[in-house]
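For reference, the structure discussed in these notes is given below.
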Amino acid sequence: MSAPSATPVSRDQRALLGPLFELAGRCPALAAGIAGTFRSGDRDHDIVRFRFQGPRAEHDPLRIGLFAALHGDEPAGAEALVRWVSELAGEPWRVTGYDLTVYPVCNPTGLEDNTRHNRAGTDLNREFWKRSAHPEVGILERELLAGNFDGIITLHSDDTSEGLYGYAHGRLLNEALLKPALRASERVLPRNRAAMIDGFEASEGLIHRCFGGVLSAPAQQRPQPFDLIFETPALAPLDLQVSATIIAIETLLDEYRVFLAHSINL
Ligand SMILES: [Zn+2]
């Protein structure tokens with residue numbers, strides 16, 4: 001389970017994130033930072049955080065946390081966040097009213113080793129809010145607490161799925177946002193319409209239940225943010241996974257804006 005991949009593809013987090021660090025140096029809306037550093041083996045590893053502040057709207061900025069590569073062998077989400085934020089620097093109106101905090105690589109040792117698990121051999125996405133001993137989880141839990149996000153979007157890819165799908169955690173708001181996001185991203189890649197996905201009952205690519213210990217909002221946070229997992233088919237061409245993910249994220253944000261406008265009756 002924790003053995004290194006048979007085809008080691010060493011991915012360098014610095015190479016992946018380099019363009020965003022460079023961009024942060026000349027784009028005032030984008031800031032780069034380190035969420036936390038931990039030691040694994042004989043080296044320190046950083047969990048990197050980027051913050052992009054969209055143009056102001058009439059409401060308070062909506063704080064969204066976006067998380068990718070919690071499984072190190074699923075780089076599509078990380079690539080999507082890097083490309084999306086790069087595009088936003090030139091077209092910030094796409095996220096008017098939003099304050100984005102982006103964590104492209106939540107599992108840096110897994111990304112380096114091209115493994116689902118971290119280098120200590122653990123699936124980090126079963127460890128949240130369980131007093132995990134894994135430093136990556138502690139760093140991200142602190143970010144989730146401090147971020148007090150209005151919305152949380154986690155990106156994964158699944159090599160057993162031939163299409164796009166998502167987890168809505170059994171909440172109506174999540175479903176209401178995820179449905180149009182799947183519909184929109186379906187222009188790029190097919191949707192998984194199987195009755196069972198990843199061992200869960202599904203309908204139209206939407207799964208209501210979920211594993212325990214996944215990255216999620218703190219249970220005590222009120223009101224609870226929207227909280228979604230978006231999955232791409234890992235064997236599809238990477239650029240299509242990236243495009244589908246960007247379409248899904250922007251649709252989620254547009255739909256959330258609509259939802260808020262209705263609920264506060266602007
Ligand atoms: Zn995953």
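Note that this note's numbering has the sequence shown beginning at 1, numbered continuously upward. Here a beta-carbon is modelled for each residue, glycine too, at the ideal position from N, C-alpha and C. Remember, predicted model here, so these are calculated numbers, not experimental data.
Between the CA atoms of residue j and residue i - distance to the nearest angstrom
i: Ser216; j: Glu231; result: 15 Å
i: Ala236; j: Asp158; result: 10 Å
i: Gly36; j: Leu140; result: 8 Å
i: Asp198; j: Pro180; result: 21 Å
i: Phe128; j: Gly163; result: 27 Å
i: His117; j: Asp123; result: 5 Å
i: Leu172; j: Leu20; result: 34 Å
i: Asp254; j: Ser40; result: 39 Å
i: Leu178; j: His134; result: 30 Å
i: Thr245; j: Arg43; result: 32 Å
i: Asn114; j: Ala76; result: 12 Å
i: Gly90; j: Leu30; result: 11 Å
i: Phe259; j: Leu100; result: 18 Å
i: Trp84; j: Phe52; result: 11 Å
i: Glu283; j: Phe38; result: Since the first residue shown for the chain is 1 and the last is 266, residue 283 is missing from the structure and cannot be characterised.
i: Arg26; j: Glu201; result: 47 Å
i: Gly212; j: Lys130; result: 10 Å
i: Ile47; j: Asp239; result: 24 Å
i: Glu74; j: Asp12; result: 14 Å
Counted within 10 angstroms of its Cβ, other Cβ atoms place residue i as buried (16 or more) or exposed
i: Ala102; result: Sequence inspection shows Val at residue 102; the Ala mentioned does not correspond to that position. The residue in question, Val102, is buried, as its Cβ has 16 or more Cβ neighbours within 10 Å.
i: Glu143; result: buried
i: His279; result: With the chain running from 1 to 266 in the structure shown, residue 279 is simply not present.
i: Arg49; result: buried
i: Ser2; result: The predicted position of Ser2 is uncertain, since its pLDDT is 40 and thus under 50; no value can be drawn from it.
i: Arg191; result: buried
i: Arg14; result: exposed
i: Pro4; result: In this predicted model, Pro4 has a pLDDT of only 41, less than 50, meaning its place in the structure is not dependable enough to derive any value.
i: Glu79; result: buried
i: Trp93; result: exposed
i: Arg56; result: exposed
i: Gln220; result: exposed
i: Thr251; result: buried
i: Ile34; result: exposed
i: Gly121; result: exposed
For residue i, three-class secondary structure by DSSP
i: Leu144; result: helix
i: Ser263; result: helix
i: Asp42; result: coil
i: Phe21; result: helix
i: Arg257; result: helix
i: Gly72; result: coil
i: Ser161; result: coil
i: Arg51; result: strand
i: Ala57; result: coil
i: Arg63; result: strand
i: Ala31; result: strand
Whole-Å CB distance - residue i paired with residue j, under 8 Å assumed
i: Asp60; j: Ile152; result: In fact, because the Cβ distance is near 18 Å, the residues do not count as touching under 8 Å.
i: Leu111; j: Ala69; result: 5 Å
i: Asn107; j: His156; result: Contact doesn't hold; Cβ gap of about 11 Å is too wide.
i: Leu145; j: Gly97; result: About 23 Å separates the two Cβ atoms, so there is no contact after all.
i: Gly289; j: Ile229; result: As shown, the chain starts at 1 and ends at 266. That puts residue 289 outside it, with no answer to give.
i: Arg187; j: Ile247; result: 7 Å
i: Gly170; j: Arg209; result: 6 Å
Cutoff 8 Å: residue i Cβ touching any chain C Cβ
i: Gly18; result: Going by chain labels, chain C is absent from the structure shown, which holds only one protein chain.
To test your reading of the DSSP string, which unbroken beta strand (DSSP E) runs of 3 or more residues are found completely within the segment 170-238? Fully enclosed beta strand (DSSP E) runs of 3 or longer: 200-203, 226-233.
Which ranges does the alpha helix (DSSP H) cover as unbroken runs of at least 4 residues, wholly within the segment 89-132, from first to last along the chain? Residue ranges of uninterrupted alpha helix (DSSP H) with 4 or more members, entirely inside the segment 89-132 and ordered along the chain, are 108-113.
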